[in-house]
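One structure is given here, and the rest of the page talks about it.
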Amino acid sequence: MDSYCPNCQKLLDAAIAVGGSGSPRSGDVTVCVYCGALLSFGVGLRLRVLTWDEVLALPLDVRQRLAVVQQVAAEFQAERARRS
Ligand SMILES: [Zn+2]
573 MDSYCPNCQK LLDAAIAVGG SGSPRSGDVT VCVYCGALLS FGVGLRLRVL
623 TWDEVLALPL DVRQRLAVVQ QVAAEFQAER ARRS
């Protein structure tokens with residue numbers, strides 16, 4: 573996987589499966605570890621930012637897991653900023 577976050581333009585060269593497992597597939601959702609944007613994989617694993625309506629349409633357990641990943645990403649970035 574080698575895609576750029578459409579929100580912050582950082583290179584995302586890895587993904588963590590929030591729901592399911594294995595390699596990302598078209599339609600899967602993920603979180604940018606740099607900016608916390610909620611993203612969806614499209615054709616050719618190109619990423620796009622989810623719309624608010626798409627986020628609200630996700631199952632509650634998926635939204636809860638995405639929120640946890642966003643929190644972890646924010647803590648990672650805060651720690652990184654403290655060390656630089
Ligand atoms: Zn981003």
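Be aware that the sequence shown starts at 573, since it is given in our numbering, and climbs by one per residue.
Note that the Cβ used here is the ideal one computed from N, Cα and C, for glycine as well.
About 11 Å separates the beta carbons of Leu-622 and Phe-613, which is beyond the 8 Å limit, so they are not a contact pair. Only residues of its own chain outside the window of five on either side were considered, and among them Ala-645 have a CB closer than 6 Å to the CB of Val-605, listed in chain order. Here Ala-609 is buried, its C-beta having at least 16 other C-beta atoms within 10 Å. Just measuring C-alpha positions, the residue of Gly-616, Asp-625, Asn-579 and Ser-656 sitting nearest Val-603 is Asn-579. Asp-633 and Arg-655 have their C-alpha atoms roughly 33 Å apart.
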